[in-house]
Structure formats: structure tokens, C-alpha cells
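To start, the structure itself, in C-alpha cells.
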Amino acid sequence: MTQRPTLPAGPGVGYKPQHYSAIMSDPGSVDWLEIHAENYMGAGGRPITQLRHLAERFPVSVHGVGLSIGGEGRLDADHLDRLKHLCDWLNPASFSEHLAWSTHDGAFLNDLLPLPYTQATLQRVADHIDEVQTTLGRQMLLENPSSYLAFAESEMSETAFLRDLTRRTGCGLLLDVNNVFVSATNLNLDARAYIANFPMESVGEIHLGGHDEDQDDHGAPLLIDSHGREVADPVWALLDDVLARTGPAPLLIEWDTEVPEWPVLAAEATRARRALSRAPRRVAA
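By the count of my numbering, the sequence shown reaches residue 1143 at its end, each step adding exactly one.
So this is what it looks like as C-alpha cells:
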């Protein structure tokens, strides 16, 4: 069997092609990289060549955005086959997807949309996760969403829903701390209470990203998970709460829109390393 790499408990960044030369010459604090799966499902060309070179130097995490794990219909078999081909040749250290849906009646919606947390949804998402893990032959991590509304029909909390999914499927979790902060602000919830109830024992990767500030129609704060700026100070503070519970863990900086020059992104990775250095070390039993 092919030995699989693992993600180090250090800083990573979401890879962007314009940073290729800088990363190869001086990665700074960056220990690992993450790619969006859908950008690398082609047969070849410069993107694949560059990815092969990067994978020789860095552990790589594959982050999917198009499987529509929460969709009501069946998973797209062609998409899943192409994802398997990518994971087979790349042999990534981690694969993750979102707790969301983005397809309906054969149409693809360019967004990650929320789900009601019901028993019926739980069963559907668990079935989809089982199919993905069986096809890929590897564990997947599921990311908590950023939310802008809550469903009246929800029967359980988001953290309970995620905990049940890990028990049913054996999947792991990707904890996006910015998503927690965004959702808590938008839905008037307690972010630290959410963190206290999160199944940290299943976390395989942590994400940080920037958000934009707006207001809703009533003048209340509305945060948008834009990944288009530096991580906000309250999110860094919430990360300290997370790391107090997990210890050092793979920690990714996401910056997907308004992508800055490499030194700006590298500085965020350096700040991530400082946060990890403050985390308590776990002693093996």
C-alpha cells in the first residue's frame, strides 16, 4: 500500500499560482499547502506540472468545493471519479469538503448553501460521506459552514449534527474558526460556547480566513465569509480557545479573493506559527 503523508502541526496556506516562484524560493513559515480540488482535475498542463513540483517539497491538502455533500440528489459520479483520479496520483495528506449543498435538478449553483439539521438530513449526508470515503479509499474531513440564517425545522445543534456524523461515518472534521465567528455574529450566538461543544477529538485541520463587515436590513451586523482580507483580531482570539483544547494542529490561512502579494500572505502564516507556539503540548498517555 502507498504510504500516505500527514499534515504537520504547523502553518499552511491556500496555494495560488501567482505565488509559485516565491513559495519555491522562500516559503518562510509555511509548512504545507492546500489546493482546491476542482482547479486540478484536468489532464495536464502548467497547473498539474507545478502541483507535482510543489508536492515533492510540501505535504498537500485537497479541499473540495463541488461535491454538494448536502444535496438532495445523488453525488455526481463523474465529479467523484475525477476527484479519485486526483487523489490517487497526488496522494494528498488530507481531503476535505463542506457541509453544504450546491446542486439541484442537475444545475450547479455557484455557492455553498446551508442545511437544516434534521434526522433526514443527517442520514442523507452520512450516506454521501460513506460513498465518498469508499470511492476515495480514505477518510474525509467535513468543514463547518458559515451561516447567514437558521432553519426553523432544525432538530439539533450544528455541533451535535457534526458529532453524530463522525460517529456514523468515521469522517473527521475541519474546524473553520472564521466560519464559527461569522455564524455566531450573524445568528446572535455565543462563539465560545460553540467551540466548547465542538467535537475536537475529530478535528484533523483548522482553517482561518478573512471576512467582510456589512449590515442587514435592520442595521444589525452582518459578516460575509469572503476570504478576501487578513484574519480579524477576534478570530485570532477565538483560535486561542480552540488551540487550548486541541493543542498544536495543522492550521491553514485561506485567502481566495483579492489575493495579496506573497509577503502579505507569508506574514499571516508567521502569525499562525506564533499562535501555535502558544498552544499547550499534549502528552501521550
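For each residue, glycine too, the CB sits at the ideal point set by N, CA and C.
Just so it is clear, the structure is predicted and the values come from calculations on it, not from any experiment.
With a 10 Å radius around its C-beta and 16 neighbouring C-beta atoms as the bar for buried, classify R939 as buried or exposed. Correcting the residue type first, residue 939 is Asp in the shown sequence and not Arg. That one is exposed.
What is the DSSP secondary structure of V920, counted as helix, strand or coil? strand
Around the C-beta of F916, are 16 or more other C-beta atoms found within 10 angstroms, so that it is buried, or is it exposed? buried
Quick check: what's the CA-CA separation for Y898 versus P972? 26 Å
So, S1005 versus S1041, is the Cβ gap smaller than 8 Å? yes
Between which two residues does the alpha helix (DSSP H) carrying Q991 extend? 977 to 994
I need the boundaries of the beta strand (DSSP E) containing S954, first residue and last residue. 952 to 956
Does the distance from the CB of H921 to the CB of A895 come in under 8 Å? yes
Would you report the Cα separation of N1002 and N1037, rounded to the nearest angstrom? 7 Å
So, is H877 buried or exposed, given that buried needs 16 or more other C-beta atoms within 10 angstroms? buried
Runs of beta strand (DSSP E) wholly within the segment 1053 to 1077 (minimum 3 residues, chain order): 1061 to 1067, 1070 to 1073
Which whole-angstrom value is the C-beta distance of V1035 and H1065, which I expect to be below 8 Å? 7 Å
Less than 8 Å between the beta carbons of E1063 and S887, yes or no? no
How far does the alpha helix (DSSP H) with V1122 in it extend, from its first residue to its last? 1120 to 1135
C-beta contact flag for V918 and A951 at 8 Å: yes
Look at the Cβ atom of E1088, then the Cβ atom of E1126, and state whether they are nearer than 8 Å. yes
Beta-carbon proximity check, A1107 vs A867, cutoff 8 Å: yes
What did DSSP end up calling D946 once you bin it into helix, strand or coil? helix
Sheet register partners of H894 (DSSP bridge): H921
Helix, strand or coil for L1000? Go by DSSP, reduced to three states. strand
Less than 7 Å between C-beta atoms, sequence neighbours within five positions excluded: which residues of the same chain meet that for M1014? Y975
Could you say which of L1023, A1010, P1079 lies nearest to L980 if we only look at CA atoms? L1023
If contact is defined by three or more beta carbon pairs under 8 Å, each pair taking one atom from either stretch, is the segment 1095 to 1104 in contact with the segment 1074 to 1083? no
Got a sec, what are the start and stop residues for the beta strand (DSSP E) E1112 sits in? 1109 to 1112
To which residues does DSSP link L1177 through a beta bridge? The first residue shown for the chain is 859 and the last is 1143, placing residue 1177 beyond what the model contains.
Would you say L1134 and P863 are within 8 Å of each other, going by their C-beta atoms? no
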